[in-house]
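Worksheet: the structure to be examined is printed underneath.
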Amino acid sequence: MSSPRILVVDDEADLRELLEITLLKMGMDVDSAATVAEARARLAQHQYALVLTDMRLPDGLGLELVREVNTNHKNTPIAVVTAYGSAENAVVALKAGAFDYVTKPVVLEDLRIMVRSALRLSEAEAPGAGQDAAEASRLIGESPAMQGLRAQIGRLARSMAPISITGESGSGKELAAREIHAQSSRAAKPFVAVNCGAIPEALMEAEFFGYRKGAFTGAAEEREGFFQAANGGTLMLDEVADLPLPMQVKLLRAIQERRVRKIGATSEEPVDVRIVSATHQDLARCVEQGRFRQDLFYRLNVIELRLPPLRERLDDLPLLCAAILARLAGPGQHAALGPGVLDALRAYSFPGNVRELENVLERALAFANDGVIEVQDLQLKAARPADPAPAAVAPPPPAAPAVMTPVPEPAAPAPAADTGPLPGNLPEYLSQIERDIIQRALNQTQFNRTQAASLLGISVRQLRYQIQKLGIQAPEG
Ligand SMILES: Nc1ncnc2c1ncn2[C@@H]1O[C@H](COP(=O)(O)OP(=O)(O)OP(=O)(O)O)[C@@H](O)[C@H]1O
Ligand SMILES: [Mg+2]
C-alpha cells in the first residue's frame, strides 16, 4: 500500500518545513503549497488523505479552503493551524467543517495525534468501510426529523468538533452520542459517558483527571481519570449543566490544552478525546444566570444537535413499538399491540419520550393477556395532547400511602383483570412498578425530588427512602 499523501498549506517557509519533516518521519508523502491558489491547483491533481492549512494566507483565508474541501473533496479531512490562544479561530474553523485544528507554535506530539486520527478517518471512508456502523444504527425512526438527525450524525462523526446534544429527558441523547462515536474513526476506542450531576464535588478532579499514588490520603494506587480512560475515543459529559463552577474552569483548560494533569503529578499528559456534551437544561440560560461559564459554553457548543421530542415525531411510533416489543418479548416469544392501541399512544404527549414509551410498554405487557397489549393495559394518564407539562398529573389524595398502588390515577381501570396471569412474586412485582413510577416522576421533573414527591403525593422524605430502598439511580436535582 502506498503512503498516505498529505497537503500542507502555509506561507511561512520555516513552519512548512517543520510540518513536512514531521510528516515525512511519520512515513507520509507530503506536498506543500504557500497560497490558496497553489493549494487549489494541488487539490485538483491529487486525492489527499489530509490537508493541513494555515488560517491566514497571502491570497485568502484557510477557511475558504476548509469550505471548498468540504464541498468538493468530501472524503478528505482538512485541519487548520491556528494562532495560540485564538479559541475564536479554532471554533470558527470547526464550525466551517474543519476536522480538527492544531495551535501555533505547533507541538509535534499534538500534530502526530491529530494526523493519526485523521488517517483513521480516511481509511474509515474507503468504499465499503464504515457501513456496518451506519447499518447498525440503533436510532429508530423514519420520520423526517429522524432522517435529518441521522444524516447530521453521519456528518458530525467525521469531525473532532465538540458537539452539544440537547433534548428532553428520555429523547435519546445518550443513544445519539453513542451513535456519533460508533460512526467515527474512534469507534474502536472507548466511549465513556460521565454523569456530571452524579459525582460528589470533592471527588470530581480525581474522577476526571486521575491521581498518582499517594497524592492524598487514600490514594493507595495510581488511577486514571475519565479523560485517560477515553483516550483516543469519545468522552460524553452528560448533564453538563450540573458541573460546579470550579470544575468548569478545570475542564475548560483540559479541553483547550488537550492535556490533563493527574492529582499529585508534576507534569501534564496529552489526551486525544472527542468531547460530546448533553443536557436537558437550557445552557444559554444557565450562562445568563451565571451558573455556567460563558467560555466553556462557547467551547462545548461548537455544533448543536437537537433531539426532537417523541410527540413531534409520532409517525415513528409503529417502528419504535415494534422494536421495543421485540426486545421485551425475548426470543421465540411474541408481543403485539391490540386494536386502537397505536391511536391511544398517538394521543399521548410522552413527557418522558422514548424512555417513557419503553416503560409504558413494559408495564402494559406485564398486564397483557397472551402478549397482546390492549388499550386499558397502557394505563396512560388521561390523554392531554395539548399539555406536555409534567404538572398535568393530578396528585393523588393527600393521605396517599407510602407504598403506591400501580394505578396513578383513581379514574384508571383496575390493573389486575380477573383473567390475567398472576405475578409469581408479588413484592418484587410491586417494587418494579413502584420503581418505574418513581423513575418516571424523577425523569419528568428532571430529578427535582421535591417536585417528584409532590407529583406522587408523598413526602420528600418518603421519596428519598424509596429511592434508596429500591436502588434507583437518581442524582440530587
Ligand atoms: N430513536 C430511538 N430509537 C430507539 N430507541 C431510542 C431512541 N431514542 C431513545 N431511545 C431509547 O430510549 C431510552 C432513553 O434514551 P437515552 O438514555 O439516550 O435518552 P436521554 O436523552 O439521554 O435521557 P436523559 O435525559 O434521561 O438522560 C434508551 O433506552 C434508548 O435506547
Ligand atoms: Mg441521558
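Residue numbers for the sequence shown, in our numbering: 1045 to 1521. Yeah, the Cβ is synthetic: ideal placement off N, Cα and C, and Gly gets one too.
According to the DSSP assignment, LEU1507 belongs to the alpha helix (DSSP H) that extends over 1504 to 1514.
For ligand 2, a non-hydrogen atom lies closer than 7 Å to the CB of GLU1218. A Cβ-Cβ separation of about 17 Å leaves VAL1125 out of contact with LYS1139 under the 8 Å criterion. A straight line joining the alpha-carbon of ASP1360 with that of PRO1188 spans about 10 Å. If you draw a straight line from the Cα of ASP1421 to the Cα of LEU1349, it is about 35 Å long. Residues PRO1467 of the same chain have their beta carbon placed closer than 6 Å to that of TYR1473, with the five preceding and five following residues left out of the count. Of the candidates ASP1073, ARG1303, ALA1137, PHE1252, ASP1073 places its Cα closest to the Cα of LEU1163. Here the alpha carbons of ILE1065 and LYS1217 stand approximately 42 Å from one another. Distance from the CA atom of HIS1324 to the CA atom of GLY1211, rounded to whole angstroms, is 5 Å. For TYR1342, the three-state secondary structure derived from DSSP is helix. Residue pairing by DSSP places ILE1157 in no beta bridge whatsoever. The distance from the Cβ of PHE1235 to that of THR1278 is about 5 Å, consistent with a contact at the 8 Å cut-off. ARG1182 sits exposed, since fewer than 16 C-beta atoms from the chains shown fall within 10 Å of its C-beta.
About 6 Å separates the beta carbons of GLU1251 and GLY1269, which is inside the 8 Å limit, making them a contact pair. Judged by pairs of C-beta atoms under 8 Å, the region 1363 to 1377 does not touch the region 1191 to 1200, as fewer than three such pairs exist. For ASP1055, DSSP records no beta bridge to any residue.
Boundaries of the beta strand (DSSP E) around GLU1348: 1347 to 1350. In the DSSP assignment, no residue is bridged to GLY1216.
Excluding the 5 residues flanking it on each side, MET1248 has same chain C-beta neighbours closer than 6 Å at MET1291, in chain order.
Here the distance from the Cβ of GLU1266 to the nearest heavy atom of ligand 1 is not below 7 Å. Under the three-state reduction of DSSP output, SER1047 falls in the coil class, being neither helix nor strand. ARG1390 and ALA1370 have their C-alpha atoms roughly 20 Å apart. GLY1104 sits away from ASN1487, with the two beta carbons spaced by 8 Å or more. Around the beta-carbon of GLN1512, fewer than 16 other beta-carbon atoms lie within 10 Å, marking it exposed.
Per the C-alpha coordinates, the member of GLU1132, ALA1496, GLN1272, ASN1403 positioned closest to ALA1298 is GLN1272.
Between the region 1254 to 1261 and the region 1295 to 1312 there are three or more inter-stretch CB-CB distances shorter than 8 Å, so the stretches are counted as touching. The beta carbons of VAL1150 and LEU1062 sit closer together than 8 Å. Residue range 1248 to 1253 is occupied by the alpha helix (DSSP H) that includes PHE1252.
Using a 10 angstroms sphere on the CB of SER1393, the tally of other CB atoms reaches 16 or more, which defines it as buried. Counting only residues of its own chain and dropping the five nearest sequence neighbours on each side, LEU1219 has a CB closer than 8 Å to the CB of ARG1182, LEU1183. For ALA1285, the shortest C-beta to heavy atom distance toward ligand 2 is 7 Å or greater. Distance between LEU1514 and PHE1411, taken at the CA atoms: about 21 Å. In the displayed model, GLU1418 falls within coil according to three-state DSSP, outside both helix and strand. Here ILE1319 is near LEU1344, since their CB atoms are less than 8 Å apart. Scanning its chain for C-beta atoms nearer than 6 Å, with the 5 sequence neighbours on each side dropped, one finds around ARG1399 the residues GLY1214, in chain order. Contact between PRO1353 and ASN1397 holds, since their C-beta atoms are separated by about 6 Å, short of 8 Å.
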